[in-house]
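Chains as they are written, first to last, in our numbering: chain A, 1 to 347; chain B, 1001 to 1347. For glycine and all other residues, C-beta sits at the position ideal for the given N, C-alpha and C. The structure presented is a predicted model; accordingly, all values stated were derived computationally and were not measured. Working notes, structure below.
There are 2 protein chains.
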Amino acid sequence: MITLTDRQNMILKAIVRDYTSSGVPVGSKALAAQLPMHVSSATVRNEMAALEELGLIAKTHSSSGRIPSVKGYRYYVDHLVQPDPIKANDIDIIKSSLEGQFLKIDEIIETSAKILSNLTSYTAFSLKPEHKQSRLSGFRLVPLGKRQVMAVLVTDNGDVESQTFNITSKITSDQLEAVVRLINDQLVGKPLDEVLTALKSDIPMQVAHYLQQPEGFLKIFGDVLTKAAQERFYVGGRLNLLNFSDSNDVDELKSLYTLMDHSDDMADVLGQPTDHIQVKIGSEMTNDILKDYSLITATYDAGNHGTGVIALLGPTRMPYSRMIGLVGAFRQELAQRLIDYYRYFDQ
Amino acid sequence: MITLTDRQNMILKAIVRDYTSSGVPVGSKALAAQLPMHVSSATVRNEMAALEELGLIAKTHSSSGRIPSVKGYRYYVDHLVQPDPIKANDIDIIKSSLEGQFLKIDEIIETSAKILSNLTSYTAFSLKPEHKQSRLSGFRLVPLGKRQVMAVLVTDNGDVESQTFNITSKITSDQLEAVVRLINDQLVGKPLDEVLTALKSDIPMQVAHYLQQPEGFLKIFGDVLTKAAQERFYVGGRLNLLNFSDSNDVDELKSLYTLMDHSDDMADVLGQPTDHIQVKIGSEMTNDILKDYSLITATYDAGNHGTGVIALLGPTRMPYSRMIGLVGAFRQELAQRLIDYYRYFDQ
DNA sequence: TCTTAGCACTTGTACTATGGGAGTGCTAAA
DNA sequence: TTTAGCACTCCCATAGTACAAGTGCTAAGA
């Protein structure tokens, strides 16, 4: 546990603030000038040497000013940062963007990722509130034409997943209906993961009663099921990455985009949501590609509909106070909006 | 109409070939060495001066080698290029990637964009075969839960468009059924654009018979309808743009990505498909953002299911002979694959 | 008339000084 | 403990230089 003197705290704080806003290493003279008390640059230099000794700041070359290290940012975020109060203007933008008459919850979630990325010029993620376990509440097959059928799966969360497919003539609609009935009788009400395991054990045998070659059908049911079981999230401001990434390495950019499109990997990155606003800095993230980026994650409580997550990906060198303030305010607005949404459509 | 001597043709061809493969302006000496007949560099210089006079090639600075101008590429593509015979290896890749047992035509189309972009390292577009006019062949409302309904629209093309929405309790399912029947009776079989106009004129009045406030319902129907009427296409290798764009201007890249995501604008860019393989070079495209890029467009005939389009976007400085050869071969394979697909699922 | 050797000239690129600015660590005095 | 002073380091922008690649032009040769 690192303990710093008040002055050292002030200096570290000033270095982070300066560096995140200017991008230029901070020197002792400029620093001395902006500290509230009177100190000479030499004194500041001594303090900086101490902070460097502790690994909180670093030099880019032997005679450069200092920049915060990951450890320094961590200390700053844990002990020094004060979230900026959000601008009235920003609150207005959030409120008005969210207030429309959305028909689906996914639209709200998608919009939220967009607003957050617009406000910050970074990349935002939004995950809708979810019970730990959503349950299968219905499975339908809707005939669309001679050969086309749409499979629809509904969860008690209100999630709907659908997929159309072509059937071979070998299956009659009576047979299909029997199978659908079987599934609805046996599986409705069960959590999706149990449904998935059932799909691999008992079900095939029972289905084989009705169908000659149940593989095709089971595959479709399985597809729709896994789609529904996947945690999916919306990404806003993908292209902003081009702005805030100072890497000119195309391959690195490609890896990042690939990462963002893989919901599994991204779920790893977001990690276990906690109650608080959480900041992960550079190499603190498991994924190596993200070493020059930071992620601010916030969960919000949507009443009895579980908790949702919003996250913000930006450069390690980001103005944390502003961003944390913004994410904090945003999370509240979004939670409120969703509670309203559910109240309206629930009962 | 420009007419060149044989030797000038050879020189222009060599310049394009050299420049597209090396990216370096081509000088007279290197050029003289690779021409089939014996000529001195001075002679080549004289010819180059003539070609420059005609606006077919240009210098990057007063004493540099020459690069082709847009006009020069145009002349090359129109008169000189010989499509490369496709490599056996590439044909194998195409065939094996397309041969899987696809359940939906969209999967084939999507895959095709991916393969083409992989083979070329450029960005590929794929548009599925379509009748000029697809017709509404069915409209369904599938109740999913207490308040959720899924609207499904099918065209005679086999396109399926669906959307879920929440209903207010004011509408009873009887009312909805009546409306659905009305739509199916009156509109099925009509081309989508007629359905769209009907939606704005007669229909609202008739629907008002059954529903107190028809706006919500009509909006949903309209939404699903416009989604189905939109020409949609798949894009493969979006990220390749980062490789082949030599622009470091982030805003320009953003504009390009925004363009690709706007199907309307992109339809403009693709333009009217013709029978042939069509090459649009740099400023020949209406869109200013594309001035440093070229687009190879090819239509293919999927029997009586209309014609589809594939397109390839790369740098103006692309190896046209290879790309044209590749697109040509690809188009044939894809057409064949789709004809097979339709044969299997049609009757 | 066409081709070509020769030559002066232009430009981009890579490399090398050069000086100034910003910043540091250290020392010694207050 | 603080601070003025100073030597030192490193980055960066600028200018100069040499060189390679290429050009246009001229004049002689086929």
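Going along chain B, which residues have a C-beta under 8 angstroms from residue 119(A)?
The residue labelled residue 119(A) in the question sits at position 119 within the first sequence. Correct list: empty, because the minimum Cβ distance to chain B is about 17 angstroms.
Would you call the segment 271-286 of chain A and the segment 152-161 of chain A touching, i.e. three or more CB-CB distances under 8 angstroms?
With the cut-off at 8 angstroms, the segment 271-286 of chain A and the segment 152-161 of chain A do not touch.
In this structure, does DSSP put residue 1244(B) in helix, strand or coil?
Translated into positions along the second sequence, residue 1244(B) becomes position 244. In the structure shown, residue 1244(B) sits in a helix (DSSP, three-state: H, G or I).
If I measure Cβ to Cβ from residue 1283(B) and keep anything under 8 angstroms in the same chain, skipping five residues before and after, which residues do I get?
Your numbering for residue 1283(B) matches position 283 in the second sequence. If we look at residue 1283(B) and ignore the five residues flanking it on each side, its Cβ neighbours are 1070, 1291.
Check residue 309(A) in the structure and name its three-state DSSP category.
Position 309 of the first sequence, counted from the start, is the residue given in the question as residue 309(A). Residue 309(A) falls in the strand class under three-state DSSP.
Which value, in whole angstroms, describes the spacing of the CA atoms of residue 1328(B) and residue 1298(B)?
Residue mapping note: residue 1328(B) aligns to position 328 of the second sequence, counting from 1. Residue mapping note: residue 1298(B) aligns to position 298 of the second sequence, counting from 1. When rounded, the distance between both Cα atoms is 7 angstroms.
For the segment 223-254 of chain A, which residues have a CB atom closer than 8 angstroms to at least one CB atom of chain B, in sequence order?
Of all residues in the segment 223-254 of chain A, 239, 242, 243, 248, 250, 253, 254 have a Cβ within less than 8 angstroms of some Cβ in chain B.
Between the segment 1142-1156 of chain B and chain A, which residues of the former have a C-beta closer than 8 angstroms to a C-beta of the latter?
Answer in chain order: 1142, 1144, 1145, 1147, 1148, 1150, 1152, 1154.
How is residue 143(A) classed by DSSP in three states: helix, strand or coil?
What you label residue 143(A) is simply residue 143 of the first sequence in a count that begins at 1. DSSP places residue 143(A) in strand when its eight states are reduced to three.
Please list the terminal residues of the continuous beta strand (DSSP E) segment that includes residue 1161(B).
Residue mapping note: residue 1161(B) aligns to position 161 of the second sequence, counting from 1. Residue 1161(B) -> beta strand (DSSP E) spans 1160-1166.
Can you say whether residue 1085(B) is buried or exposed, counting buried as having 16 or more other CB atoms within 10 angstroms of its CB?
Mapped onto the second sequence, residue 1085(B) falls at position 85. Residue 1085(B) comes out exposed.
Suppose the cutoff is 7 angstroms on Cβ atoms and the five residues either side in sequence are ignored; what does the same chain contact list for residue 127(A) look like?
In the first sequence, counting from the first residue as 1, residue 127(A) sits at position 127. Excluding residues within five positions, the ones whose Cβ falls inside 7 angstroms are 231, 233, 308, 309.
Should residue 1162(B) be flagged as near chain A, meaning a C-beta pair shorter than 7 angstroms?
By 1-based counting over the second sequence, the position of residue 1162(B) is 162. Closer than 7 angstroms to some Cβ of chain A, the Cβ of residue 1162(B) qualifies, so yes.
Flag this pair as yes or no: are the beta carbons of residue 1316(B) and residue 1240(B) separated by less than 7 angstroms?
Along the second sequence, one-based indexing puts residue 1316(B) at 316. Along the second sequence, one-based indexing puts residue 1240(B) at 240. Taking 7 angstroms as the Cβ cut-off, residue 1316(B) and residue 1240(B) do not qualify as a contacting pair.
Taking C-beta to C-beta, are residue 16(A) and residue 83(A) nearer than 7 angstroms?
Counting from 1 along the first sequence, the entry for residue 16(A) is found at position 16. Counting from 1 along the first sequence, the entry for residue 83(A) is found at position 83. Their beta carbons are not under 7 angstroms apart, which means residue 16(A) does not touch residue 83(A) by this criterion.
Which residue wins for smallest C-alpha separation from residue 187(A), given the options 172(A), 210(A), 156(A)?
Taking the first residue of the first sequence as 1, we reach residue 187(A) at position 187. The candidate whose alpha carbon is nearest that of residue 187(A) is 156(A).
Is the segment 49-58 of chain A in contact with the segment 1-11 of chain A, if contact means three or more CB pairs nearer than 8 angstroms?
Output reads yes: the segment 1-11 of chain A touches the segment 49-58 of chain A.
Tell me the DSSP bridge mates of residue 1130(B)?
For the purposes of this step, residue 1130(B) is taken as residue 130 along the second sequence, with counting starting at 1. Residue 1130(B) pairs with 1307(B).
Any Cβ of chain A within less than 7 angstroms of the Cβ of residue 1341(B)?
Position 341 of the second sequence, counted from the start, is the residue given in the question as residue 1341(B). Not an interface residue.
Could you pull out every unbroken alpha helix (DSSP H) segment of at least 4 residues lying fully inside the segment 58-86 of chain A, listed in chain order?
DSSP runs (the alpha helix (DSSP H)) wholly in the segment 58-86 of chain A: 70-75.
Would you mind reading off the limits of the beta strand (DSSP E) that contains residue 1236(B)?
The residue given as residue 1236(B) occupies position 236 in the second sequence. That run of the beta strand (DSSP E) goes 1233-1236.
Between the segment 173-187 of chain A and the segment 1171-1180 of chain B, do three or more beta carbon pairs fall short of 8 angstroms?
The answer is no - the segment 1171-1180 of chain B does not touch the segment 173-187 of chain A, with fewer than three Cβ pairs under 8 angstroms.
Distance check for residue 265(A) and residue 286(A), CA to CA, integer angstroms please.
Your numbering for residue 286(A) matches position 286 in the first sequence. Your numbering for residue 265(A) matches position 265 in the first sequence. Each residue's Cα considered, the two are about 11 angstroms apart.
Would a check of beta-carbon distances place residue 210(A) closer than 7 angstroms to chain B?
Numbered from its first residue, the first sequence carries residue 210(A) at position 210. Cβ-Cβ to chain B under 7 angstroms: no for residue 210(A).
Residues of chain A with a CB under 8 angstroms from the CB of residue 1293(B): which are they?
Numbered from its first residue, the second sequence carries residue 1293(B) at position 293. In chain order: nothing, as chain A lies at least about 17 angstroms away.
If you check the beta carbons only, do residue 74(A) and residue 25(A) fall under 7 angstroms apart?
Working through the first sequence from its first residue, we reach residue 74(A) at position 74. Working through the first sequence from its first residue, we reach residue 25(A) at position 25. Not closer than 7 angstroms, so no.
Could you name each continuous alpha helix (DSSP H) segment of 4 residues or more that falls completely within the segment 250-274 of chain A, going from the start of the chain to the end?
DSSP runs (the alpha helix (DSSP H)) wholly in the segment 250-274 of chain A: 250-261, 263-270.
Pull up the distance between the alpha-carbon of residue 88(A) and that of residue 95(A), whole angstroms please.
To locate residue 88(A), count along the first sequence from 1; it is residue 88. To locate residue 95(A), count along the first sequence from 1; it is residue 95. Approximately 11 angstroms, taken between the alpha carbons.
Could you check whether the Cβ of residue 1019(B) sits closer than 7 angstroms to any Cβ belonging to chain A?
Here residue 1019(B) refers to the residue found at position 19 of the second sequence. Chain A, which has no Cβ nearer than 7 angstroms to the Cβ of residue 1019(B), makes this no.
Using the three-state DSSP reduction, which class does residue 1102(B) fall into: helix, strand or coil?
Taking the first residue of the second sequence as position 1, residue 1102(B) is located at position 102. In the structure shown, residue 1102(B) sits in coil (DSSP, three-state: anything other than H, G, I, E or B).
Please name the residue in 1057(B), 1215(B), 1237(B) whose C-alpha comes closest to that of residue 1110(B).
Reading the second sequence from its first residue, position 110 is the one you call residue 1110(B). Closest option to residue 1110(B), Cα to Cα, is 1237(B).
By DSSP, does residue 43(A) sit in helix, in strand, or in coil?
As a position in the first sequence, residue 43(A) is number 43, starting the count at 1. Three-state result, residue 43(A): helix.
Quick check: the Cα distance between residue 1197(B) and residue 1133(B), rounded to an integer number of angstroms?
Start at 1 with the first residue of the second sequence, and residue 1197(B) comes out as number 197. Start at 1 with the first residue of the second sequence, and residue 1133(B) comes out as number 133. About 14 angstroms.
Quick check on the DSSP output: the alpha helix (DSSP H) that includes residue 1292(B) runs from which residue to which?
Position 292 of the second sequence, counting from 1, holds the residue named residue 1292(B). Premise fails: residue 1292(B) is in no alpha helix (DSSP H) and is neither H nor E.
Under 9 angstroms between beta-carbons, which chain A residues line up against residue 1137(B)? List them in chain order, please.
The residue you call residue 1137(B) lines up with position 137 of the second sequence. Those within 9 angstroms of residue 1137(B) in chain A are 144, 145.
With distances taken between CB atoms, is the gap from residue 1303(B) to residue 1339(B) smaller than 7 angstroms?
Position 303 of the second sequence, counted from the start, is the residue given in the question as residue 1303(B). Position 339 of the second sequence, counted from the start, is the residue given in the question as residue 1339(B). Contact flag set, yes.
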